[in-house]
Structure formats: C-alpha cells, structure tokens
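For what it's worth, our numbering labels the leading residue of the sequence shown as 7, then goes sequentially.
The block underneath contains the structure these notes are about, expressed in structure tokens.
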Amino acid sequence: MASLTDVQERRLRPIYDALDSYSYKQAIQLCNKGLKKQGDALILKALKAVALDRWGREDEAFELCDEVKNAKPVDEGILQAIMMVYRAHQKHSDIIAVYESAYTQAPKNEELANHWFMALTRADDRKSMQQAAMKLHKQFKDNRYLFWTIMTVWLQAKLDSTGGQSILATLAERMIVKAAQEGRLKEYEALQLYLDILVTQGKFQEALDVVKGELGGLCKVETERKRIIVDLSKAAGRWEDVLSISKELLVASPDDWLSYTNYLEAIFKVKLETQDVSSRDDLVLQSQRFIEEQQTKVLGDKHVKRGPFLAALEFGRQLNSEQGITVGYKTMAELIANYFEQFGNSISCFDDLRPYLEGLTETDATALLNRISATASPSKPSVADVRRSINVEKIRSYCMPLPSDEKMHATVTTYVKAYKDTISLGEQLDERELQPGDDYLLLAVHILVQLYSRDGDRKNYLSEAVAVLEYGLQRSKFNFQIKLLLIRLYFELGVFQRMLDLAASLDVKQIQHDTLSFLFTDDLELLGCPELALRSFIKAMTIYASNERETPEMIVQAFKYGTFSKIPEFIRFRDRVRRSLQHSISKRQLYRVEILRRFPDIENLTSYLQILDEDALQYSGLACNPPEPYADTKRVADPIFCIDEYIESLSDNRDTSLMPNWLPSTQPIGSIIRGSEFPRKRCEWLKLHAIVPLILKAICTVSTSGWELQHAALKEVVDQCRAADLDSEELAPLEVLVKLSSVALQIRAAENIAQREPPFYPYLAVNRKETVDLSPIDSVLSDLKALLSKMTDDKWQLSYEKLRRYTLLLEGCSYAGIALASFVPSLGSAGKKSKSGKPTINPKLPPFITGLKSTLSDFHKELTRCNNDISNNKPQLLATEMFGSEPAEWMNALGDEGVTIRDFIATQVLASWKASVQALMKATKSRIDN
C-alpha cells in the first residue's frame with residue numbers, strides 16, 4: 007500500500023505540470039478534486055491560489071492565501087506557493103507575517119529565519135531588520151548575522167537626517183570596533199563597511215589608521231589599499247601623502263587617469279601651502295618632468311597609452327589658471343597639437359580634447375587647425391587617415407565661428423562627398439560595425455540643423471538632414487547616433503511611424519527606458535497616434551515595475567553574500583528610479599491619451615477615472631495658502647496643498663549626452679532642432695496634468711470631495727503659467743477646463759441647495775444662490791474658435807507644430823464635451839423646475855451645444871481637406887516640396903541613390919501624416935455624433 011506521502015505526490019504532480027504548462031483552469035479543477043477528498047490540505051489551497059492568481063482572479067487567490075496564512079504553515083512547499091501570489095502583488099506585510107509565524111514555530115530552522123529577514127529587507131523595514139538580525143545572531147551564533155545587524159543599524163543611521171543619525175552611527179561604529187577587536191572582521195567587505203561608517207562621520211584619520219593597520223591587509227591587492235589611502239588622505243587634507251602615493255601608483259601604472267587627477271590636485275594644494283616662490287616653481291618643474299618621464303615610458307609600448315598625454319593637457323590648463331607661478335609652460339594650443347599628433351587617428355580624440363578646446367581664442371584655434379591639418383592627404387586614405395581628418399573637422403566645427411550660409415552649404419557637400427569616398431573602406435565590415443566615415447554625415451547634419459535654427463521656416467533643411475542620415479543608415483544599420491538624430495528630426499516633421507520604428511530598432515532595455523525614452527515619447531501624445539503612443543508609454547514604464555520587483559532582490563543577494571558595499575548602492579539606485587521625473591511624465595502622458603481615447607463614451611471614461619490611483623496624482627506645488635473661500639476648511643491639510651517638495655524631489659535621469667554636438671553652441675543638439683529647451687523641465691506641466699484627471703473625475707462622478715480645492719489649484723497654476731508667458735496654445739484647453747469646472751461646481755452647489763442639503767464646503771454657505779452664472783461658456787466657445795483659426799490655412803503639409811495644434815483643439819473640445827455631459831442631466835436652471843416637474847434647460851446651453859458642434863464640424867472639415875490633399879499627393883510631388891525643385895548639390899551627387907532616398911522619406915512622411923489626420927478625424931467625428 008502506498009504511503010500517504012506517495013499518495014500526496016501523485017496528486018500534486020499533475021497540478022504542478024498544469025501550472026508549468028499554463029493550464030490554470032485544469033490546475034484549479036485538480037485542486038478542487040483533491041480538496042473534496044482532503045478539505046484541510048493547505049498545499050492544495052496554496053496551489054489553487056497560485057492558479058487563480060495567474061488566471062486573473064486575484065481576489066479569490068488572496069482569500070485562499072489568507073486562509074493558508076492563518077493556519078500558520080511551516081512546510082516549505084506551502085510557504086513557497088503562497089509566496090508566489092504575495093510577491094507578484096508586492097504584499098510585503100503578508101510575506102513578513104507568514105515567515106515570522108513560521109520561524110516562531112520553528113526557531114531552530116535557520117532557513118526560515120533567513121527567509122524572514124529577507125522578507126523584511128524587501129520591505130525596507132530597517133528597524134525590524136535590525137531586530138531580526140539580532141535574533142538570528144543570538145540564536146545561530148554566526149558571524150555574518152553580526153554584520154547584518156551592524157549593516158541594518160548603519161542603514162537606519164543613513165536614513166535618519168535628524169539627531170538620531172549620530173546616535174545610530176555611533177552605535178554602528180561601536181559594534182564594528184568591538185567586532186574588529188574580537189577578531190570577527192575577516193572579510194574585505196566588512197572592512198569597507200567599517201570605513202564607510204567612519205568616513206560618513208568625518209573620522210578620516212581613524213579610517214586611515216584602520217587601513218594602514220592590520221585590517222588593511224584584507225584588501226585583495228596592494229594597489230587597492232593605496233587607492234583607499236589616497237581617497238582618505240584627500241578627505242583628511244593630507245596632500246603630501248596624496249602626492250607621494252599617487253606618484254607611486256603612476257610609476258606602476260602610467261595610464262591610471264584617476265591617479266593623475268589626484269596627483270595634479272595634490273600638486274596645486276601643496277603649492278598653495280608653500281610660501282617660498284622658488285619652492286613652488288621647483289615643485290611645478292618636478293611635476294612637469296615626472297609627466298614627461300611617464301610619456302617617454304609609454305612611447306615604447308606597441309599601443310601608446312593616452313594617460314600621460316592627457317595629464318600634460320590637464321596640468322597645462324590648471325597651470326595657466328593659477329596665480330603666482332613664474333615657471334613657463336607650453337601653451338594650450340601647443341599641448342593640444344602635441345596630443346593630436348600622437349592620437350589624432352583615435353576615435354576618442356575629439357572628446358578627449360574638448361574640455362581643453364573651450365579656452366582657445368579664435369586666433370589660437372586658427373593656428374592649431376593650420377598645424378594639425380597641414381599633413382597632406384594620401385591618395386588612398388586608410389581608416390586611420392579618415393579618423394584623423396574627421397577629428398580635424400570636429401575641432402574646426404567646435405572652435406571656429408559659423409561662416410555664411412553659402413559656405414555652410416558648400417561644407418555640407420564636402421562632408422557628404424568625403425563620406426562617399428570612404429565607403430569602400432567599410433565594405434568588408436560586419437553589418438553591426440560602423441562605417442569609418444559616419445561622422446562626416448553627422449557633421450553635415452550639424453550644419454543643416456544650424457541653418458534651420460537661423461530660419462525655422464526653411465523646413466527643407468530638416469528634410470535634407472533626414473536624407474543625409476537615411477543615406478548613412480543604409481550602411482550603418484546599428485549607428486545609434488544616426489538613429490537618435492533621425493528620431494528627433496522626424497518628430498519635428500510630425501512623422502511618428504518612422505520615428506517609432508527607429509526607436510524600436512534601438513532595442514532599449516531596462517534602465518535605458520528611464521534615461522532614453524524621452525527622446526521618442528516626449529509630446530508623442532500630440533502627434534495623432536493614440537494607440538501607438540499608449541503602447542510606447544506602457545513599454546517605457548516597465549522599468550519602474552522591474553525596479554520595485556528586482557532591485558530588492560539585488561539587496562537581498564548582497565546581504566546573503568556579504569557584499570555590504572553594494573547595499574547602499576542598490577538602495578540609491580532603487581530610490582533614484584523610484585523618484586524618476588520621466589516616470590511622472592510618462593504616467594501623466596498615459597492618462598492624457600486615455601482620456602482622449604475613451605471620450606465621448608462617458609461611462610467608459612468615468613470607469614477609467616474611478617480606478618485611477620489618486621495617490622499617484624498627488625504632488626505638491628499647489629496653493630500652500632488656499633484661496634480665501636476655503637481658508638477655514640479642514641481639507642487644507644490634504645497633500646495636494648503641500649509645498650513643491652514632490653516635484654523638487656524628482657530625479658531627472660534623462661540622458662542628453664548621447665546625441666553628439668560639435669557646434670560651438672552650448673545647447674544640446676536636441677534643443678537646437680526643437681528651437682527651445684529639450685527636454686523640458688516640465689515642472690508646471692506636471693502640476694497641470696496631475697489636477698486635470700482629478701477634476702474630470704469629479705465632473706464625471708458627481709463627487710464634490712476635494713473638487714473645489716482642485717479647481718482652485720488648477721486656476722492658480724494656469725494663472726502662474728500665463729503670467730510667466732508659457733505657451734498660450736498649450737494652456738488653451740486647460741483654460742477651457744477651468745471655466746467649465748467653475749460652472750459645473752456652481753451647478754453642483756445649487757443642486758445641493760435645491761435639495762436642502764448642507765453645502766459641501768464652507769464657502770458655499772455664503773454664496774447661497776439658486777441661479778448659475780453660465781457666462782463662462784461664451785468665452786469657452788471663443789477660445790476654441792480662436793484655436794481653430796490658427797490652423798485653417800492653405801498649406802496642407804503637416805509638422806509637429808500643426809499636429810500639436812490639432813490635438814490641443816481636440817483636447818479643448820473634449821473637455822467641453824465632458825463638462826456638457828454633466829450639465830445636461832443636471833437642473834439646467836440650477837434648482838428651478840417647470841410645472842411639469844421636469845428640469846428646465848438654461849437658455850444658454852443650447853447655443854453652447856450648437857456652437858461646440860459647429861466648432862467640431864469646422865475642425866472636421868479642416869482635417870478632411872488636409873486628408874484629401876495628402877491622399878491626392880504622390881511621394882514624388884512631396885519630395886519636390888520637401889527638397890525643392892532643384893535639390894542640394896550633395897544630393898545630386900548621389901545620383902539615383904539620392905532620388906531613392908528622397909522618395910523613401912516622402913513615402914514615410916505621407917503615410918504617417920495620413921494616419922495622424924485620419925485618427926484625428928475619427929476622434930472628431932465621434933464627438934460630433936455624440
């Protein structure tokens with residue numbers, strides 16, 4: 007006869023197989039079958055909960071998990087099963103309760119004890135982590151639990167910015183000092199923790215004594231020990247030690263750039279402390295000779311190292327900016343020329359030199375360019391020759407003032423022809439490698455962008471820049487710099503399809519969603535592509551869910567393996583991503599798109615607004631001192647009325663450095679293309695688009711909870727934006743909402759009065775009127791018509807600006823429609839009824855309804871005209887419009903290939919414009935019909 011265990015295994019195996027094969031319905035059926043025979047089997051309940059959760063029935067899964075939890079299981083299989091459900095939903099408190107209960111019942115089970123501590127770690131409950139670690143150390147006498155305790159105390163000290171920090175830091179220090187005295191400190195990571203505790207408290211000399219003492223032997227290599235001593239000596243102001251040890255490190259490794267920076271910093275610190283002029287000069291001369299010795303040493307290597315030559319540049323820059331030095335040294339132009347002669351064929355040459363080029367005068371730059379470009383170009387240039395030539399042109403572009411338009415056009419042609427001449431050098435390269443001459447094309451695009459910035463009406467410059475980059479992308483399919491520039495240029499042309507295709511080809515992953523997604527999602531909701539915009543925002547936000555799920559696991563692993571130095575790093579990373587500015591922007595963009603997508607289906611929109619996480623929309627920056635009518639209300643304490651701490655606390659992780667800029671302008675290339683700051687700071691935008699969903703929710707759900715305060719807040723921020731001369735077009739839909747929200751509030755208040763109910767807020771008590779002022783709706787129609795008048799022109803070609811105006815008008819009309827939907831069911835005359843008992847419609851409402859439909863109809867006609875023009879156009883005709891009847895000289899030089907590129911771009915543009923206009927037409931028609 008089979009044992010009970012065997013019988014259970016036979017019952018469980020099919021359930022596990024069903025879960026593994028995603029057959030969740032079958033798994034539930036098998037669990038139910040088993041529970042009929044053995045109703046108290048916790049493992050069956052736990053597995054059923056897993057199946058229910060994965061099948062989308064979370065509430066039922068939670069009920070079963072809670073039932074299992076209350077039974078206080080200890081079996082690992084049962085615990086793991088319910089953990090799958092709890093972890094999937096970040097239910098940290100339940101996980102902690104389960105493992106704490108299990109450990110309490112089995113106090114000698116070290117594995118359960120570890121699970122309990124790690125559950126607390128995932129929840130970042132540092133005080134409880136300390137208490138748990140102390141219990142573990144007391145129970146199991148393991149050295150690692152002692153350091154877990156010290157680490158948790160130290161983490162609390164870092165978290166506490168008040169006086170408690172010094173107390174907790176002192177406690178952590180005493181504990182680790184005692185551990186060291188007892189011989190428990192045996193690992194390098196424990197030493198790092200010891201040093202961190204001392205350094206954070208400013209005890210640099212004590213930290214130096216530790217590293218120089220016996221514990222310093224825990225450093226894996228002597229070089230690492232010396233680096234730590236240098237860092238601590240810098241912090242302690244022991245510059246003589248920094249100088250001598252950095253010199254030792256450089257003798258051993260002449261390419262150690264960090265040691266060069268420490269060495270040079272120490273030279274000038276020691277110099278300042280030296281009163282005697284001759285002694286200072288001797289120190290400078292010694293340093294100069296030392297750097298030259300390092301240069302001589304590396305010149306004999308097969309691959310010459312850049313470190314000593316970069317050190318000479320940095321030494322020269324600091325020396326030229328110092329006072330009280332009588333020793334002569336080479337000029338920066340001479341040092342740069344020497345570096346270029348040695349490393350001019352290196353890809354990194356220009357980036358290495360850029361910090362030192364900034365201080366050159368035009369005369370110095372001219373002399374430098376004459377010297378470095380004097381070498382005759384070979385008839386058959388090598389890859390090294392091409393790189394050298396490109397670096398010369400980058401320096402020329404960066405250092406010299408911009409020439410006339412005519413010369414800039416000629417330079418574009420020169421660069422494109424130079425690229426064409428280099429194509430043969432890359433014919434045998436793997437498709438993932440970059441062509442040697444790609445940067446010629448990027449230089450050409452920089453010039454075209456600069457020409458466009460001089461005259462924003464000349465869109466042909468943007469078209470030419472796109473053509474140059476598409477030409478390069480044919481052979482360098484993985485050049486991300488070309489793709490990033492193309493994305494921004496297509497965006498400016500109002501082309502979303504090709505832009506998003508290029509963004510997808512970048513294969514952005516993990517944290518790059520936070521740092522790079524702004525390049526293709528900023529204002530994407532304004533290009534008339536709601537479905538694709540929605541997908542892009544959702545995909546870009548995956549990193550934030552991953553951060554909450556995966557980073558705690560990294561912290562857990564760091565505790566598990568005793569890598570204490572990584573724990574604060576992981577915590578900083580988690581907190582920085584958690585406070586991401588881009589995350590806040592993407593969420594509000596998502597809400598904005600969803601509101602426009604779901605309207606005019608009021609029920610659908612209302613359902614969506616009701617499930618929004620209001621906590622995610624709370625921010626600060628609204629009226630710290632609410633308007634007078636609300637001064638007495640208790641709701642002033644609501645978070646929405648706090649100071650601007652939330653937005654100020656956001657971490658701007660957006661990376662603008664990936665798009666190269668070799669122009670003399672200090673603006674990022676993205677800002678030059680946009681004609682304004684890119685990416686925007688968006689502080690006011692964040693405030694505005696946090697309030698809008700809350701007000702719309704109040705309008706749709708007949709809820710007055712907090713509405714008055716939100717209305718006042720929106721009006722305040724809009725007024726601030728208008729006073730600051732922010733974009734009036736972008737504010738127009740929000741001004742519409744402010745006016746209509748005011749009317750809706752009055753209607754709601756009058757209804758309360760008519761029903762003899764006390765008003766919701768004190769200010770209504772002093773404004774008891776049974777009529778509603780509907781005059782704002784007249785100005786709403788005027789605002790919408792003014793927006794419409796800005797886009798009815800004879801031009802059919804689109805752009806970002808034109809699509810943006812279209813979308814903003816649609817948004818304004820949508821807000822008007824949402825408000826109107828709440829007006830009509832309400833008592834039109836605010837509390838007055840006809841003899842028949844039916845509400846009377848205020849005479850102002852029918853003209854408003856008619857006027858709104860008229861505006862939408864005119865808008866639809868404009869879109870229809872635009873759509874017809876696009877549909878009747880041919881790519882070849884658009885190419886002529888975009889590039890001119892006589893294309894640029896460089897494009898003619900490409901022959902048939904140039905024609906193909908022009909037609910490809912025109913085809914992409916037409917298809918995207920048509921999709922945008924038709925999406926806007928569909929949205930407008932649905933609003934007219936409803």
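Built from N, CA and C at the ideal position, the CB exists for glycine as well.
Closer than 8 Å is the cut-off here; do at least three beta carbon pairs connect the segment 530-543 with the segment 678-690? They do not touch, by the three-pair rule.
Does the contact criterion of 3 or more C-beta pairs under 8 Å hold for the segment 604-623 versus the segment 568-585? No, because fewer than three Cβ pairs between the segment 604-623 and the segment 568-585 fall closer than 8 Å, the two stretches do not touch.
I'd like to know whether the C-beta atoms of L201 and A213 end up nearer to each other than 9 Å. Going by C-beta atoms, L201 is nearer than 9 Å to A213.
Taking DSSP's pairing of strands, which residues face S657 in a bridge? DSSP, once it has assigned bridges, lists S586 as partnering S657.
Whole-number beta carbon distance between E498 and S805, since they are thought to touch under 8 Å: Between E498 and S805 the Cβ distance is about 7 Å, and since that is below 8 Å, they are a contact.
First and last residue of the uninterrupted alpha helix (DSSP H) at S922: Counting along the chain, S922 sits inside the alpha helix (DSSP H) bounded by residues D902 to D935.
Return yes when the Cβ of E298 is within less than 9 Å of the Cβ of A272, no when it is not. Cβ atoms of A272 and E298: not closer than 9 Å.
Quick check: the segment 895-905 against the segment 917-929, are at least 3 beta-carbon pairs closer than 8 Å? Three or more Cβ pairs closer than 8 Å define a contact, and the segment 917-929 falls short of that threshold against the segment 895-905.
What is the DSSP secondary structure of E433, reduced to helix, strand or coil? Judged by DSSP in its simplified three-state form, E433 adopts coil rather than helix or strand.
Give the C-beta separation of K920 and I876 to the nearest angstrom, bearing in mind that I take them to be a contact with Cβ-Cβ under 8 Å. About 5 Å; that satisfies the 8 Å criterion.
Beta carbon of L305, beta carbon of A343: below 9 Å? Against a cut-off of 9 Å, the Cβ pair of A343 and L305 comes out as no contact.
On the DSSP letters alone, give me the boundaries of the alpha helix (DSSP H) that V418 sits inside. DSSP places V418 inside the alpha helix (DSSP H), whose first and last residues are D411 to T428.
Three or more C-beta pairs closer than 8 Å, one from the segment 452-472 and one from the segment 509-522: is that the case here? The segment 452-472 is not in contact with the segment 509-522.
Give every residue of the same chain whose Cβ lies closer than 6 Å to the Cβ of W713, excluding the five residues on either side of it in the sequence, and list them in chain order. Close CB contacts of W713 within its chain, under the 6 Å cut and outside five residues either way in sequence, are with A704 (chain order).
Contact check, G313 vs P260 under 8 Å by CB: the rounded distance? That pair is a contact at about 6 Å.
Suppose you measure from the CA of T930 to the CA of L814; what does that come to, to the nearest Å? T930 and L814: Cα-Cα distance of roughly 12 Å.
For the alpha helix (DSSP H) containing I517, name the first residue and the last one. Element bounds for I517: n/a, residue is neither H nor E.
Which residue wins for smallest C-alpha separation from K218, given the options K232, T206, V227 and G208? Among K232, T206, V227 and G208, the Cα nearest to that of K218 belongs to K232.
Figure out for me which residue from T367, N553, N351 and K386 has the closest Cα to the Cα of I3. An answer regarding residue 3 cannot be provided, because it is not within the stretch 7 to 936 covered by the chain.
Let me know if I51 comes out buried or exposed under the rule of 16 or more other beta-carbons within 10 Å of its beta-carbon. The sequence as given places Lys at residue 51; Ile does not occur at that position. Around the beta carbon of K51, 16 or more other beta carbons sit within 10 angstroms, so the residue counts as buried.
Residues near A738 in its chain [Cβ-Cβ closer than 7 Å; skip 5 each side]: The answer, listed in chain order, is D789, L793, L814 and G818.
The alpha helix (DSSP H) spanning Q96 covers which residue range? Where Q96 is concerned, there is no enclosing alpha helix (DSSP H), given that its DSSP letter is neither H nor E.
Using a Cβ-Cβ cutoff of less than 8 Å, which residues in the same chain neighbour D370 once the five nearest sequence positions on both sides are dropped? In chain order, T337, M338 and A339 place their CB closer than 8 Å to the CB of D370, counting only its own chain and leaving out the 5 sequence neighbours on each side.
Report yes if the C-beta distance between T707 and P685 is below 9 Å; otherwise report no. No, Cβ-Cβ distance for T707 and P685 is not below 9 Å.
Exposed or buried, what is T428 when buried is set at 16 or more other beta-carbons lying within 10 Å of its beta-carbon? Here T428 is buried, its C-beta having at least 16 other C-beta atoms within 10 Å.
How many whole angstroms separate the CB atoms of T3 and E195, which I take to be in contact at a CB cut-off of 8 Å? The structure shown does not extend to residue 3, since the chain is modelled only from 7 to 936, so the question has no answer here.
For W896 versus V418, is the C-beta spacing smaller than 9 Å? Yes.
For T569, the three-state DSSP class (helix, strand or coil): Reduced to three states, the DSSP call for T569 is coil.
Go ahead and pull the three-state DSSP assignment for W802. DSSP, reduced to helix, strand and coil, places W802 outside both helices and strands of the structure shown, so it counts as coil.
Separation of C872 from T6, as counted between CA atoms: Past the edges of the chain, shown from 7 to 936, lies residue 6, and the structure says nothing about it.
Tell me whether A637 is buried or exposed, calling it buried when 16 or more other Cβ atoms sit within 10 Å of its Cβ. Because the pLDDT at A637 is just 42, under 50, the model does not fix this residue reliably, and the value given afterwards should be weighed accordingly. By the Cβ-count criterion, A637 is exposed, with fewer than 16 other Cβ atoms from all chains shown falling within 10 Å of its own Cβ.
Is DSSP giving Q32 helix, strand or coil here? Helix at Q32.
Please check the pair E502 and L538, which I expect to be a contact at CB under 8 Å, by giving their CB distance rounded to whole angstroms. The amino acid occupying residue 502 in the given sequence is Phe; Glu does not appear at that position. Confirmed, Cβ separation roughly 7 Å.
What is the DSSP secondary structure of I353, reduced to helix, strand or coil? When DSSP states are grouped into helix, strand and coil, I353 belongs to the coil group.
Please classify K796: does DSSP put it in a helix, a strand, or coil? In this structure, DSSP gives K796 a state outside helix and strand, which the three-state scheme calls coil.
Straight-line Cα distance separating E106 from V80: Taking the straight line joining both Cα atoms gives about 10 Å.
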